[in-house]
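Please read the structure below before turning to the comments.
Protein chains in written order, with our numbering: chain A, 19 to 130; chain B, 140 to 255.
Dropping the structure here:
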């Protein structure tokens, strides 16, 4: 039982490049989330998917897109990376009966 | 939207002492308040949570208190140990709509250092 799996763990991009961060959970959770973590700013919600087939913007969605591919998978895409998107990205999932998040191990992204 | 403020940003205590971290929230409709612990280079992990129909919850050396009137909640760690050293995040959300998920708003974190 792997929980929440994120790939890749590390990535360096040049400004303007695109990439997709992958996230998969094997706990049959309905809801999935993407957060970014920056020093001194806590975790900020980028996008979330309350259930399969739905996605909604969070606090900081600009420059990102998401796809809820199926119940297990929720991907985050940067179409044209900018240095301001240098951050650690965490995927998480939750189930309505207890609401607690299970986080993935994170992706450290550097945009140069 | 919801706004969560967390204090202090850093906290240093001696081993065996107690530590208290405080958070305030802005949305009176918020009803779920979890606390996460994040060790260096690791993912955040849920350590305790409380819902708005409860004023206090304990789990061994950890307790959380909630004051709905004042819109603040606190984490209390007693008999601190070196392994308690980490960053702690509070969060708040409104839950209960079936299928609505749980959009957490996080505080900015408290770096707790337990010194020998």
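Glycine included, every Cβ here is placed at the ideal spot set by N, Cα and C.
Asked, Found
"Could you give the residue range of the beta strand (DSSP E) that holds residue 67 (chain A)?", "61–67"
"Give the single residue among A:24, A:66, A:57 whose Cα lies nearest to the Cα of residue 39 (chain A).", "A:24"
"Any beta carbon from chain A within less than 8 Å of residue 228 (chain B)'s own beta carbon?", "yes"
"Examine the Cβ distances between the stretch 114–130 of chain A and the stretch 216–223 of chain B and report whether three or more of them are shorter than 8 Å.", "no"
"From the DSSP output, in three-state form, read off residue 101 (chain A) for me.", "helix"
"Would the beta-carbon of residue 107 (chain A) fall within 8 Å of that of residue 87 (chain A)?", "no"
"Can you find a CB in chain B that lies within less than 8 Å of the CB of residue 102 (chain A)?", "no"
"So what's residue 195 (chain B) in DSSP terms, helix, strand or just coil?", "strand"
"Which of the three DSSP states, helix, strand or coil, is assigned to residue 173 (chain B)?", "strand"
"What are the start and end residues of the beta strand (DSSP E) that includes residue 95 (chain A)?", "92–96"
"Between which two residues does the beta strand (DSSP E) holding residue 37 (chain A) run?", "37–43"
"Express the C-alpha separation of residue 26 (chain A) and residue 145 (chain B) in angstroms, rounding to a whole number.", "31 Å"
"How about the stretch 63–78 of chain A and the stretch 247–254 of chain B: do they share at least three Cβ pairs that are nearer than 8 Å?", "no"
"Across which residues does DSSP place residue 251 (chain B) in a beta bridge pair?", "B:150, B:225"
"Do the CB positions of residue 147 (chain B) and residue 230 (chain B) come within less than 8 Å of each other?", "no"
"Could you tell me whether the stretch 42–56 of chain A touches the stretch 100–115 of chain A, where touching means 3 or more Cβ pairs closer than 8 Å?", "yes"
"How long is the line joining the alpha carbons of residue 203 (chain B) and residue 212 (chain B), rounded to whole angstroms?", "7 Å"
"What are the boundary residues of the beta strand (DSSP E) that residue 83 (chain A) is part of?", "82–86"
"What residues from chain A crowd round residue 182 (chain B), counting only those whose CB sits closer than 8 Å?", "108, 121, 122, 123, 124"
"Taking only beta-carbon positions, decide if residue 93 (chain A) is within less than 8 Å of chain B.", "no"
"By how many angstroms is the C-alpha of residue 254 (chain B) removed from the C-alpha of residue 244 (chain B)?", "30 Å"
"Report the neighbours of residue 76 (chain A) on chain B: residues whose CB is nearer than 8 Å to its CB, in chain order.", "242"
"Using C-beta distances below 7 Å, list every residue in its chain close to residue 224 (chain B), excluding the 5 sequence neighbours before and after it, in chain order.", "251, 252, 253"
"Near residue 158 (chain B), what residues of its chain come up, given a Cβ to Cβ distance below 7 Å and the 5 sequence neighbours on each side ignored?", "150, 152, 216, 219, 251"
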